[in-house]
Each structure stands twice: as structure tokens, then as C-alpha cells.
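J.: Numbering (the working numbering), first residue to last: 511 to 647.
Where a beta carbon is used, it is the ideal one built from N, C-alpha and C, also for glycine.
First the structure, which I've put down as C-alpha cells, then a few questions once you've had a look.
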Amino acid sequence: MRRDQLEHIIRAAADVTGEHEFIIIGSQAILGQYPNAPAPLLISREADLYPRHRPELSIEIEGSLGSGSRFDKTFTYHADGVSPTTATLPEGWERRLTKIQNPNTKGATGWCIDVHDIAIAKYVAGREKDQRYNKEL
Numbered sequence: 511m512r513r514d515q516l517e518h519i520i521r522a523a524a525d526v527t528g529e530h531e532f533i534i535i536g537s538q539a540i541l542g543q544y545p546n547a548p549a550p551l552l553i554s555r556e557a558d559l560y561p562r563h564r565p566e567l568s569i570e571i572e573g574s575l576g577s578g579s580r581f582d583k584t585f586t587y588h589a590d591g592v593s594p595t596t597a598t599l600p601e602g603w604e605r606r607l608t609k610i611q612n613p614n615t616k617g618a619t620g621w622c623i624d625v626h627d628i629a630i631a632k633y634v635a636g637r638e639k640d641q642r643y644n645k646e647l
């Protein structure tokens, strides 16, 4: 996924939910700090996010922008609507968020977790794909 694609997802999530702030977790959150991150860290075609103030609306993101949706079929990338409990994050992660807001997000804001917090969450999850990601970091 490229940074402009993540910005598109932020904008589309705002359109779908009526919310304007989103927390982005998972591998593609790296695009907040590193818009031109190395290709091996950007192989995922989905962004994991939830509305910051109304996480229960993640179901709307999943339905409209998720895997197999019209959005996914049109753009070949998608959003996974997740929850605040999806990732195990270290204390203080909220203070380390990186903001994505620009004309491409049309006023919506994506708050990306810090690269170190991504690594910790992936270490805790322990899946093979997470181990590969952390090795690339």
C-alpha cells in the first residue's frame, strides 16, 4: 500500500461513517511516520482502522470498504474495520500517534500508531507474517 492509498481509505472511511478521526493500527500505520517506507513493509493491501470516537462504527468500514467490497474490487486495496482491542499496544501509545491530514483526506484525520508500537504489537501477536514484518523493520 502507498501513502496516497491510505489517505484514500481515511477519506472513504469518513464518508462511510460520518466520523473524522481514525486510529490506524497494523503494518500500514508505518506510512504515518514513513510515507516512503521500504517496499517489503508495504506489501499488505489492507489498512486496519477504527473511528477514534465511535469504534463501534468499524462494522460500517468493514461492510463498505472491506475485503471483497466494491471498493476493494475497484481499487485492489481495502480497509479492515477493527476495534481498540485488536492490537495489544504498550502504555502511552496514544501520545506517540502520527497525524495524517491533508487535502487528499479532505479534512479527515488518520492517527497512525508509532513504528515501535507496531513492532511491539506484532511481536505480541506472534504470527508468522508479523515475525516477517518485524524482521524487515
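Name the two residues that bound the continuous alpha helix (DSSP H) containing residue 589.
T.: Residue 589 -> not in any alpha helix (DSSP H); beta strand (DSSP E) instead, spanning 588–591.
J.: What does the Cβ neighbour count give for residue 633, buried or exposed, with the cut at 16 atoms within 10 Å?
T.: Its Cβ having fewer than 16 others within 10 Å, residue 633 is exposed.
J.: Just checking my contact of residue 561 with residue 513 at CB under 8 Å: how many whole Å lie between their CB atoms?
T.: Incorrect: roughly 21 Å between the Cβ atoms, too far for contact.
J.: How close, in whole Å, do the beta carbons of residue 588 and residue 575 come, if the pair is a contact with beta carbons under 8 Å?
T.: 6 Å
J.: For residue 565, is the beta carbon positioned less than 8 Å from some heavy atom of the ligand COA?
T.: The ligand COA is not part of the structure shown, which contains no ligands of any sort.
J.: Nearest by alpha-carbon distance to residue 566: which of 540, 536, 542 and 526 is it?
T.: For the residues 540, 536, 542 and 526, the minimum Cα distance to residue 566 belongs to 526.
J.: In the stretch 541–614, which residue ranges form an unbroken beta strand (DSSP E) of at least 3 residues, counting only runs that do not cross its ends?
T.: 556–561, 588–591 and 608–610
J.: So if DSSP puts residue 527 in a beta bridge, which residue, or which two residues, is it bridged to?
T.: Answer is none; residue 527 lacks a bridge partner.
J.: So residue 608 packs on residue 542, CB below 8 Å; how close in whole Å?
T.: 3 Å
J.: Our contact map puts residue 616 next to residue 521 with C-beta atoms below 8 Å; I'd like the distance itself, whole angstroms only.
T.: Right, their Cβ atoms sit about 5 Å apart.
J.: Nearest by alpha-carbon distance to residue 532: which of 559, 577 and 623 is it?
T.: 559
J.: Is it the case that the Cβ atoms of residue 540 and residue 620 are separated by a distance below 9 Å?
T.: Going by C-beta atoms, residue 540 is not nearer than 9 Å to residue 620.
J.: Give the range of the alpha helix (DSSP H) segment to which residue 538 is assigned.
T.: Note, residue 538: premise wrong, no alpha helix (DSSP H); not H, not E.
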